[in-house]
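Trainee: The structure follows.
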Amino acid sequence: MITALIFLVILVVLVLIHEFGHFIVAKKSGVLVEEFGFGFPPRIFGKKFGETLYSINLIPLGGFVKLYGEEYHEGEKKRPDAKSIPKHRAFVNKSPLQKTMIITAGVVMNFILGWVILSFLFTQGVPTPAGVVVTSVQDNTPATEAGLLVGDRIISITQENKTIEIVSSEDLIGSAKTFADQPTILQIERTGKVFSVDITPRSNPPKGEGSFGIVIEQKVELVKHPWYTAPYFGFIEAASMIKMIAVEILKIPAQFFTKQSTSVEFTGPVGIAKIIGEARKFGIVALLQITAVLSLNLAVINILPFPALDGGRQVFIFYEWITGKKTNQNLEHYLNLAGIILLLTLSAVITIFDIQKYWG
1 MITALIFLVI LVVLVLIHEF GHFIVAKKSG VLVEEFGFGF PPRIFGKKFG ETLYSINLIP
61 LGGFVKLYGE EYHEGEKKRP DAKSIPKHRA FVNKSPLQKT MIITAGVVMN FILGWVILSF
121 LFTQGVPTPA GVVVTSVQDN TPATEAGLLV GDRIISITQE NKTIEIVSSE DLIGSAKTFA
181 DQPTILQIER TGKVFSVDIT PRSNPPKGEG SFGIVIEQKV ELVKHPWYTA PYFGFIEAAS
241 MIKMIAVEIL KIPAQFFTKQ STSVEFTGPV GIAKIIGEAR KFGIVALLQI TAVLSLNLAV
301 INILPFPALD GGRQVFIFYE WITGKKTNQN LEHYLNLAGI ILLLTLSAVI TIFDIQKYWG
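Just so we're aligned: 335 in UniProt numbering is position 335 of the sequence shown, and the numbers increase by one with no gaps anywhere.
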């Protein structure tokens, strides 16, 4: 029950911050905002303040901001007071630049939320790789020949003029593959003293031994940053996450034509709730980390050029910007409608798989 409430709070925050971006920029641009809704219809509750209806809807998988003049297509019911509304209040009559600012504002807000959360976490302390330590040395291996001992901290590895600093276990494993069967120099720290040893990582070691013949442990330190530098490190981390998410998502189409693999795993509301439940065991910091990651994921996914998503709508705006011609409103409407149906269907399918995965 508590996990469900936490999930709902996080979902509400992510959706409202995204839609607030569209809402506030539309308002500042002079567009009439007809409705600000959480969830998708049918409507459960609605209250009008000023010229905007604020609503809560039955399907809690997102939200929307309905802009006056957002779509003009055949069969759309006109407002009774349409003639009294100035043309400049209609979204369709705004410049491509203004439309772009309104459409991308949600993505920007999700990035800002992720950035702010990560910046705060940097002030509280972030687990940071702090080196690799040898915990076991196997007999008759390059490690024993080099004289490595339990407790040695590996600082760096050098092959000719190329040196790689060893901060994480991935650094050592990756460099061992890069320099396989090549003489290298390991810089070691032992009981406060730093020295070097010659060692040659193996390309095909016996099973269970690894390239060097050692077992290593990743040391982690809790690094805190002062409030005035935390935003910088938070921004770098948020940008890094955005890049990583985008790269992995872009690998998905490539899988249909190549053997390239991706670590992307689709997860629906049930799967996300399960992840939040696990994060809850580790406290508020873990929940904030999950919220930041989800917000950045939402930013990347929404900017994809897919119908119904912000990126899909931006494609039509770019067309208008480049050609100077208005887009076919009927075509845009039905493509967006098809996109919504496809996304809801995909969400339902993923939810079914999540239920089978966790409780099947």
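Beta carbons are placed, not taken as given, at the ideal position from N, Cα and C, and that holds for glycine.
#1: Quick one: any contact between the stretch 192-205 and the stretch 220-228, if contact means 3 or more CB pairs under 8 angstroms?
#2: Is the beta carbon of Pro-129 sitting closer than 8 angstroms to the one on Val-167?
#3: Taking 8 angstroms as the cut-off, decide whether the C-beta atoms of Ile-39 and Asn-302 are in contact.
#4: Return the CA-CA distance between Ile-199 and Arg-190, expressed in angstroms with no decimal places.
#5: Note the first and the last residue of the continuous beta strand (DSSP E) segment covering Phe-178.
#6: Please classify Ile-154: does DSSP put it in a helix, a strand, or coil?
#7: Taking just the CA atoms, how far does Ile-214 sit from Ile-10?
#8: Within this structure, are the beta carbons of residue 363 and Ala-273 separated by less than 8 angstroms?
#9: Classify Arg-89 as helix, strand or coil using the three-state DSSP reduction.
#10: Bridge partners for Tyr-54 per DSSP, in chain order?
#11: Could you check whether Gly-30 and Val-108 sit closer than 8 angstroms to each other, using their CB atoms as the reference points?
#12: Can you name the residues that DSSP bridges to Glu-278?
#13: Use the C-beta contact count for Gly-75: other C-beta atoms within 10 angstroms, 16 or more gives buried, fewer gives exposed.
#14: Are the C-beta of Thr-351 and some C-beta of chain D separated by less than 8 angstroms?
#15: If Ser-175 sits next to Ile-164, beta carbons under 8 angstroms apart, how far is it from one beta carbon to the other, in whole angstroms?
#16: Suppose you measure from the CA of Tyr-319 to the CA of His-18; what does that come to, to the nearest Å?
#17: Counting only runs that start and end within the stretch 225-254, where is the alpha helix (DSSP H) found for 4 or more residues in a row?
Mentor: Result, derived from the coordinates:
#1: Between the stretch 192-205 and the stretch 220-228 there are fewer than three inter-stretch CB-CB distances shorter than 8 angstroms, so the stretches are not counted as touching.
#2: yes
#3: Here the sequence assigns Gly to residue 39, which means Ile is not the residue at that position. No, these two residues do not count as a Cβ contact at 8 angstroms.
#4: 17 angstroms
#5: Looking at the sequence provided, one finds Thr at residue 178 rather than Phe. Per DSSP, Thr-178 belongs to no beta strand (DSSP E); it is in the alpha helix (DSSP H), 169-178.
#6: strand
#7: 43 angstroms
#8: Because the chain in this structure spans residues 1 to 360, residue 363 falls outside the shown range and cannot be described.
#9: helix
#10: Phe-36, Lys-47
#11: no
#12: In DSSP, Glu-278 forms no bridge with anything.
#13: Since pLDDT at Gly-75 reaches only 39, below the 50 mark, its modelled position is unreliable, and no value is offered.
#14: Chain labels in this structure do not include chain D; a single protein chain is all it has.
#15: 5 angstroms
#16: Distance between the alpha carbons of Tyr-319 and His-18 is about 24 angstroms.
#17: Taking only runs of at least 4 residues, the alpha helix (DSSP H) segments lying wholly in the stretch 225-254 are 230-254.
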